[in-house]
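Worksheet for the structure shown next.
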Amino acid sequence: MHADEVDLDAPLVQRLIARRFPRWAALPVRRLASSGTENAMFRLGADLLVRLPRRPGAVPDLTREQCWLPRLGPLLPVAVPEPVGVGEPDEDYPWPWSVYRWLEGRNPVAGAVREPQRLAEDLAAFVRALRRIAPRDAPPGHRGGPLRERDEPTRAAVAELGAGVDGAAVTALWEGALRAPEHTGAPVWAHGDLSPGNVLADAGRLSAVIDFGCAGVGDPAVDLVVAWNLLPASVRDVFRGAVGADDAEWARGRGWALSISLIQLPYYRDTNPALAENSRHVIAEILAEAG
1 MHADEVDLDA
11 PLVQRLIARR
21 FPRWAALPVR
31 RLASSGTENA
41 MFRLGADLLV
51 RLPRRPGAVP
61 DLTREQCWLP
71 RLGPLLPVAV
81 PEPVGVGEPD
91 EDYPWPWSVY
101 RWLEGRNPVA
111 GAVREPQRLA
121 EDLAAFVRAL
131 RRIAPRDAPP
141 GHRGGPLRER
151 DEPTRAAVAE
161 LGAGVDGAAV
171 TALWEGALRA
181 PEHTGAPVWA
191 HGDLSPGNVL
201 ADAGRLSAVI
211 DFGCAGVGDP
221 AVDLVVAWNL
231 LPASVRDVFR
241 GAVGADDAEW
251 ARGRGWALSI
261 SLIQLPYYRD
271 TNPALAENSR
281 HVIAEILAEA
291 G
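With UniProt numbering as the guide, the letters of the sequence shown map in order to residues 1 to 291.
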């Protein structure tokens, strides 16, 4: 997916585990299919997960997770990844890597969500709980700034997509989002990447949220993106009401969802089909909502 990725496979992970965590050396290693873009994941035995950055830019996110997940996890209403070990760079792999406890659940699929109202309520409860956590010493979120900072790459993506998108319509929607009042309150915690690939569900209920590499404080509107990238239109108002988003925040959240999808689509359309398809889904949902 990226020009600066390194090659990762199960035999490499087996060697890393044997050297760093010999107590787990006999456990089988199996690569997991994932739409994730920054890290590769390998199941280690029945109860563990190994997560390795694919490229240099993903390494700081690992450090962020190792620092903050143990602090955030006990304050949240659903499971989050629990770090149980940190691997060190060696001759086979140049960066730190992590071992987490395995979390059960499956990624829900946009357009085929089981129990959508319950999932909307669960996601809202997660967002509210995260926002209540004191932001003291917290890092700025990767997507915590104002929408206007994304104007240039968003317009460039529309131009790159050409006939693949209704350029006039999405540009008008984007400009509408830019006109929404900016967040003027205190910065609060946000996950920053509430996409279907980072949500786990079991029996229709939210069971876990993973990948906190973008998490930090800033404008919390970014966590509203899940209203368009996962939840059906029929329960968006349920989610919005449970979160308590006013008109300005909702408009910014929709702008975040649109911008992320427009930028992702041309970048990943040939290398990450699942992410590209979800980007198309988001754009279609927002266009349909606008009528």
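We put the CB at the ideal spot given by N, CA and C, even for glycine.
DSSP beta-bridge partners of residue i
i	result
ASP211	Note: ASP211 sits in no beta bridge, so no partner.
TYR93	DSSP, once it has assigned bridges, lists no residue as partnering TYR93.
PHE42	ARG31, VAL50
ALA110	BP columns for ALA110 are empty, so no partner.
ARG205	ASP202
PRO140	VAL217
ALA124	In DSSP, ALA124 forms no bridge with anything.
VAL86	SER98
ALA79	ALA208
Buried or exposed by the 16-neighbour rule on C-beta atoms within 10 Å, applied to residue i
i	result
SER259	buried
PRO11	exposed
ALA245	buried
residue 364	Residue 364 lies beyond the stretch modelled for the chain, which goes from 1 to 291, so this question has no answer here.
ASP122	buried
GLU88	exposed
PRO22	exposed
ASP211	buried
GLY164	exposed
Element boundaries [alpha helix (DSSP H), containing residue i]
i	result
LEU265	247 to 268
ILE241	What sits at residue 241 in the sequence shown is Gly, not Ile. It spans 236 to 243 - the alpha helix (DSSP H) in which GLY241 sits, taken as one unbroken run.
VAL59	59 to 72
SER279	273 to 290
VAL226	226 to 229
ALA159	151 to 161
LEU16	10 to 20
Anticipated Cβ contact below 8 angstroms, residue i with residue j, distance rounded
i	j	result
ILE286	ARG254	6 angstroms
GLU65	PRO83	7 angstroms
ASP61	GLY192	No, ASP61 and GLY192 are not in contact; Cβ-Cβ is about 10 angstroms, not under 8 angstroms.
PRO206	LEU119	Note on residue identity: the sequence assigns Leu, not Pro, to residue 206. Contact flag correct, Cβ pair sits at about 6 angstroms.
LEU72	ILE17	Going by Cβ atoms, the distance from LEU72 to ILE17 rounds to 26 angstroms, so no, they are not a contact pair.
ALA110	ASN198	ALA110 to ASN198, Cβ: 13 angstroms. No contact.
LEU103	LEU200	6 angstroms
Proximity of residue i and residue j at Cβ, strictly below 8 angstroms
i	j	result
TYR100	ARG51	yes
LEU194	ASP223	yes
ALA290	LEU173	yes
LEU32	GLY45	no
PHE239	ALA124	yes
ARG221	TRP256	First, the amino acid is wrong: residue 221 is Ala here, not Arg. Yes, the pair counts as a contact, with Cβ atoms nearer than the cut-off.
ASP219	HIS183	yes
VAL235	GLN117	yes
ALA276	LEU265	yes
ALA208	VAL80	yes
ALA186	ALA248	no
ARG55	ASP4	yes
VAL217	PRO140	yes
Continuous beta strand (DSSP E) stretch holding residue i: start and end
i	result
ASP202	199 to 202
TRP102	Per DSSP, TRP102 belongs to no beta strand (DSSP E) and is neither H nor E.
ALA180	Where ALA180 is concerned, there is no enclosing beta strand (DSSP E), given that its DSSP letter is neither H nor E.
TRP189	188 to 190
Check: residue i C-beta below 7 angstroms from any heavy atom of the ligand NAD
i	result
GLY185	The ligand NAD is not part of this structure, which contains no ligands at all.
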